[in-house]
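Residue numbers (my numbering), protein chains in the order written: chain A, 48 to 93; chain B, 14 to 325; chain C, 104 to 324. Just so you know, even glycine gets a beta-carbon here, dropped at the ideal spot from N, CA and C. Heads up: the structure comes next, in structure tokens.
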Amino acid sequence: ENSLLRQVSSLLRRLPAIESGKFQDDFLMEYNDTLLVTYLAMLTNC
Amino acid sequence: ASDAIFFYDESAQTKFQQEKPWANDPHYFKRVKISALALLKMVVHARSGGTIEVMGLMQGKTDGDAIIVMDAFALPVEGTETRVNAQADAYEYMVDYSQTNKQAGRLENVVGWYHSHPGYGCWLSGIDVSTQMLNQQFQEPFLAVVIDPTRTVSAGKVEIGAFRTYPEGFKPADEPISEYQTIPLNKIEDFGVHCKQYYSLDITYFKSSLDCHLLDLLWNKYWVNTLSSSPLLGNGDYVAGQISDLAEKLEQAENQMAHTRFGSIITPSQRKKEEEPALAKITRDSTKITVEQVHGLMSQVIKDILFNSVRP
Amino acid sequence: MDIEQKQADLIEHFVKQVSANKGSFLASIIIEATSNPSLFAFSEILAVSNVAELQGTEHSMYLNLLRLFAHGTWSDYKINAGSLPNLVAEQVLKLKQLTVLTLAETSKVLPYDHLMQELDVTNVRELEDFLINECMYSGIVRGKLDQLRRCFEVQFAAGRDLRPAQLGSMIQTLTNWLSTSDNLLLTIQEKIKWADTMSELDKKHKKEVDDRVEDVKKTLS
Numbered sequence: 048e049n050s051l052l053r054q055v056s057s058l059l060r061r062l063p064a065i066e067s068g069k070f071q072d073d074f075l076m077e078y079n080d081t082l083l084v085t086y087l088a089m090l091t092n093c
Numbered sequence: 014a015s016d017a018i019f020f021y022d023e024s025a026q027t028k029f030q031q032e033k034p035w036a037n038d039p040h041y042f043k044r045v046k047i048s049a050l051a052l053l054k055m056v057v058h059a060r061s062g063g064t065i066e067v068m069g070l071m072q073g074k075t076d077g078d079a080i081i082v083m084d085a086f087a088l089p090v091e092g093t094e095t096r097v098n099a100q101a102d103a104y105e106y107m108v109d110y111s112q113t114n115k116q117a118g119r120l121e122n123v124v125g126w127y128h129s130h131p132g133y134g135c136w137l138s139g140i141d142v143s144t145q146m147l148n149q150q151f152q153e154p155f156l157a158v159v160i161d162p163t164r165t166v167s168a169g170k171v172e173i174g175a176f177r178t179y180p181e182g183f184k185p186a187d188e189p190i191s192e193y194q195t196i197p198l199n200k201i202e203d204f205g206v207h208c209k210q211y212y213s214l215d216i217t218y219f220k221s222s223l224d225c226h227l228l229d230l231l232w233n234k235y236w237v238n239t240l241s242s243s244p245l246l247g248n249g250d251y252v253a254g255q256i257s258d259l260a261e262k263l264e265q266a267e268n269q270m271a272h273t274r275f276g277s278i279i280t281p282s283q284r285k286k287e288e289e290p291a292l293a294k295i296t297r298d299s300t301k302i303t304v305e306q307v308h309g310l311m312s313q314v315i316k317d318i319l320f321n322s323v324r325p
Numbered sequence: 104m105d106i107e108q109k110q111a112d113l114i115e116h117f118v119k120q121v122s123a124n125k126g127s128f129l130a131s132i133i134i135e136a137t138s139n140p141s142l143f144a145f146s147e148i149l150a151v152s153n154v155a156e157l158q159g160t161e162h163s164m165y166l167n168l169l170r171l172f173a174h175g176t177w178s179d180y181k182i183n184a185g186s187l188p189n190l191v192a193e194q195v196l197k198l199k200q201l202t203v204l205t206l207a208e209t210s211k212v213l214p215y216d217h218l219m220q221e222l223d224v225t226n227v228r229e230l231e232d233f234l235i236n237e238c239m240y241s242g243i244v245r246g247k248l249d250q251l252r253r254c255f256e257v258q259f260a261a262g263r264d265l266r267p268a269q270l271g272s273m274i275q276t277l278t279n280w281l282s283t284s285d286n287l288l289l290t291i292q293e294k295i296k297w298a299d300t301m302s303e304l305d306k307k308h309k310k311e312v313d314d315r316v317e318d319v320k321k322t323l324s
């Protein structure tokens, strides 16, 4: 079914959704911030 | 059968109004049923207010010990916690709206009011309690609903509470412990002073068959919105505020420890009732903040794996 | 998906027309199909046997034209212009639109210079007008024009007809995606089990501590 194949092709072309150095930096920074919050929370619990 | 709840029996409602069973029992109303439409409207209105408190009215009926909220409408007032009677600005609007509703064939009466507490939880402040007491004096049956749109986003579920006040001077029997919620330090006194003057009602929700159909149609749109948003990014200010509040509470607890001679060692006979020590509450608050952060991060990581790790 | 819905009726119409005609009549239908402003897919028309029969006949250039519109670009036309019929303005526009789709397949960020070269456009203004009016407004492409970095960031591009070799890589990508999702689900299930186990251990530990505290209190009292 050509219509479905075209839609699938269009969908697969969108992957990966975001791929850039800046995004990786922001993502890892957010990751680190959350891990820091978790670490601080464990210290608080202790 | 699911749509039967939408039927309005005027004669039954009038009879109920005349009987006034709540007059003899301050705890008469125990349940609230909110329609999907009313809930959506209230939450969207609360969220649209941002950090400013907004308010509105709810329309519905009663059914035994339950108040049924069929619909809600916003009032053109803001900052309900900053004034003694914010509702006064909207009296004309309320009257006009109610009259127009009746003309349009909407038979339900106003059964309550709702307002938002952005970021500081679902409870009634001193102003809210006096407003609700006044309402319950002259407009029974009347319900107070509080929505926290900020915590709704960060928790991923609607933070909502329904309350009714006790009459002036009424001393309730020991209430069952309600679900713990974090109260910011600057609001804790207002919360504590008035928390015994009202009780919370159990909330359930209902929707019509048309609502079901429409919500099914919107399912994909809902998922696109959910996947596109992140509570970590959207609620950064709120989280920073929570952490700052936690730090202040820690400092306060530390000062209390320093001033109390024997710390928190109180013999069992001197303890009037089981109360969580301040540090335990702080621990719970910090756990809650962390869990919400971890949930947000988990969703980001899962999205990253699903949509960014595959290449054509 | 919107594009597919929009052109589904057109495809059916042209397939019917092509099925009911042969030989020279097909040429005009092919020209009409390739000029239609709402049609961007031609593989269904190509699949009709009457069209395939044009191969080796005097009208084979129209078959090549249809193949060009199904898989080719404006640059391909310029290279092979000798063996293809002259294009009318609508066909030129359509081929350039399809060229943008092909370029979007390879890269999500399309530099203006590359686009101008591929589309034979002389200045940025003309390029942006083309991208906005002919591509975005027709719904085949969604994206952002970054004038500072002189590039077009593609967020969505409609799918073109598949070339014969493409199906394999598509299946491979889908398989990879499926296995990534399966692994993710397994990981999530493991984490849930781990969380449940840790919670049980924690409760058990808490109970032991509470019991010990009670024992000590009893001993003291």
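Assuming residue i and residue j form a contact by the criterion Cβ under 8 angstroms, report the distance between their Cβ atoms to the nearest whole angstrom.
i	j	result
I81 of chain B	K46 of chain B	5 angstroms
Q313 of chain B	S243 of chain B	6 angstroms
L70 of chain B	L88 of chain B	6 angstroms
E91 of chain B	I65 of chain B	5 angstroms
V191 of chain C	I148 of chain C	That belief does not hold up - the Cβ atoms of V191 of chain C and I148 of chain C are roughly 18 angstroms apart, past 8 angstroms.
E48 of chain A	N321 of chain B	Actually they are not in contact, since the Cβ atoms of E48 of chain A and N321 of chain B sit about 29 angstroms apart, beyond 8 angstroms.
P162 of chain B	L62 of chain A	At roughly 34 angstroms, the Cβ-Cβ gap does not stay under 8 angstroms, so P162 of chain B and L62 of chain A are not in contact.
I132 of chain C	N124 of chain C	6 angstroms
Y127 of chain B	A85 of chain B	6 angstroms
L310 of chain B	L246 of chain B	Not confirmed; about 11 angstroms, so no contact.
E221 of chain C	L204 of chain C	The pair is not a contact, with the Cβ atoms about 12 angstroms apart (cut-off 8 angstroms).
I106 of chain C	G246 of chain C	That pair is no contact at about 15 angstroms.
I196 of chain B	F204 of chain B	5 angstroms
Which residue's Cα is closest to the Cα of residue i: the options?
i	options	result
G77 of chain B	B:P131, B:M68, B:L70 and B:I18	B:I18
L68 of chain C	C:K109, C:F143, C:N167 and C:A144	With chain C represented from 104 up to 324, any question about residue 68 of chain C goes unanswered, as that position is not in the structure.
Q303 of chain B	B:L259, B:I318 and B:S15	In the sequence on display, residue 303 of chain B carries Thr and not Gln. Of B:L259, B:I318 and B:S15, the residue nearest in Cα terms is B:L259.
R164 of chain B	B:S24, B:P39, B:P325 and B:V252	B:V252
A168 of chain B	B:F219, B:T300, B:W232 and B:E23	B:T300
H40 of chain B	B:C208, B:T239, B:T178 and B:G205	B:T178
N114 of chain B	B:V206, B:Q152, B:I256 and B:Q72	B:Q72
R297 of chain B	B:H308, B:L263, B:A36 and B:I315	B:L263
A266 of chain B	B:G254, B:K294 and B:T239	B:K294
Could you tell me whether any Cβ in chain A is nearer than 8 angstroms to the Cβ of residue i?
i	result
D258 of chain B	no
D5 of chain B	The first residue shown for chain B is 14 and the last is 325, placing residue 5 of chain B beyond what the model contains.
A111 of chain C	yes
F259 of chain C	yes
D305 of chain C	no
D264 of chain C	yes
A268 of chain C	no
E115 of chain C	no
Q313 of chain B	yes
F320 of chain B	yes
E107 of chain C	yes
S299 of chain B	yes
Counting contacts by CB-CB distance shorter than 8 angstroms, is residue i in contact with chain B?
i	result
S348 of chain C	This structure does not reach residue 348 of chain C, given that chain C is present from 104 up to 324, and the question cannot be answered.
N49 of chain A	no
Using beta carbons (cut-off 8 angstroms, strictly below), is residue i in contact with chain C?
i	result
N92 of chain A	no
E287 of chain B	Residue confidence is low: E287 of chain B scores 49 on pLDDT, short of 50, so the model does not pin down where it sits. Its coordinate-derived value is still stated next. It does not: the Cβ of E287 of chain B has no partner Cβ on chain C nearer than 8 angstroms.
V323 of chain B	yes
**Study point:** Residues from the stretch 54 to 87 of chain A in contact with chain B, defined by Cβ distance under 7 angstroms
**Key:** Taking 7 angstroms as the Cβ-Cβ cut-off, the stretch 54 to 87 of chain A approaches chain B at L59, R60, L62, P63, A64, I65, E66, F74, E77, Y78, T81, V84 and T85, given in chain order.
Check your understanding: Is the number of C-beta pairs between the stretch 158 to 176 of chain B and the stretch 49 to 57 of chain B that are closer than 8 angstroms three or more?
Key -> With the cut-off at 8 angstroms, the stretch 158 to 176 of chain B and the stretch 49 to 57 of chain B touch.
Check your understanding: Between the stretch 222 to 240 of chain C and the stretch 78 to 88 of chain A, are three or more C-beta pairs nearer than 8 angstroms?
Key -> By the criterion of at least three beta-carbon pairs nearer than 8 angstroms, the stretch 222 to 240 of chain C is not in contact with the stretch 78 to 88 of chain A.
Practice item. Determine, using beta-carbon pairs with one atom in the stretch 219 to 232 of chain B and one in the stretch 134 to 153 of chain B, whether at least three such pairs fall under 8 angstroms. Key: Taking a contact to require three or more Cβ pairs closer than 8 angstroms, the stretch 219 to 232 of chain B and the stretch 134 to 153 of chain B do not qualify as touching.
Exercise for review: Count the C-beta pairs between the stretch 49 to 57 of chain A and the stretch 253 to 265 of chain C that are closer than 8 angstroms, then say yes if the count reaches three, no if not.
Suggested key: Judged by Cβ distances under 8 angstroms, the stretch 49 to 57 of chain A makes contact with the stretch 253 to 265 of chain C, as three or more pairs qualify.
Check your understanding: At a cut of 8 angstroms, does the stretch 98 to 116 of chain B reach the stretch 131 to 138 of chain B through at least three beta carbon pairs?
Key -> As far as the Cβ criterion goes, the stretch 98 to 116 of chain B does not touch the stretch 131 to 138 of chain B, which means the pair count is below three.
Practice item. Closer than 9 angstroms, Cβ to Cβ, to anything on chain C: give me those residues from the stretch 220 to 247 of chain B, in chain order. Key: Across the stretch 220 to 247 of chain B, no CB contact with chain C closer than 9 angstroms is found for any residue.
Check your understanding: On the three-pair Cβ rule with 8 angstroms, is the stretch 200 to 214 of chain C touching the stretch 238 to 248 of chain C?
Key -> With the rule of 3 Cβ pairs closer than 8 angstroms, the stretch 200 to 214 of chain C counts as touching the stretch 238 to 248 of chain C.
Review point. If contact means a Cβ-Cβ distance below 7 angstroms, which residues of the stretch 273 to 286 of chain C contact chain B?
Key: For the stretch 273 to 286 of chain C, residues whose beta-carbon sits nearer than 7 angstroms to a beta-carbon of chain B comprise T276, N279, W280, T283 and S284.
Check your understanding: Taking one C-beta from the stretch 155 to 165 of chain C and one from the stretch 212 to 220 of chain C each time, how about it: are there three or more such pairs within less than 8 angstroms?
Key -> The answer is no - the stretch 212 to 220 of chain C does not touch the stretch 155 to 165 of chain C, with fewer than three Cβ pairs under 8 angstroms.
Practice item. Check distances from the C-beta atoms of the stretch 134 to 148 of chain C to those of chain A and list, in chain order, the residues that come in under 8 angstroms. Key: Only A144, S146 and E147 from the stretch 134 to 148 of chain C bring a Cβ to less than 8 angstroms from some Cβ of chain A.
Check your understanding: Within the chosen definition, does the stretch 111 to 118 of chain B reach the stretch 145 to 163 of chain B through at least 3 CB pairs nearer than 8 angstroms?
Key -> Judged by Cβ distances under 8 angstroms, the stretch 111 to 118 of chain B makes no contact with the stretch 145 to 163 of chain B, as fewer than three pairs qualify.
**Study point:** Residues of the stretch 208 to 238 of chain C with Cβ closer than 7 angstroms to any Cβ of chain A, in chain order
**Key:** Cβ contacts with chain A come from E208.
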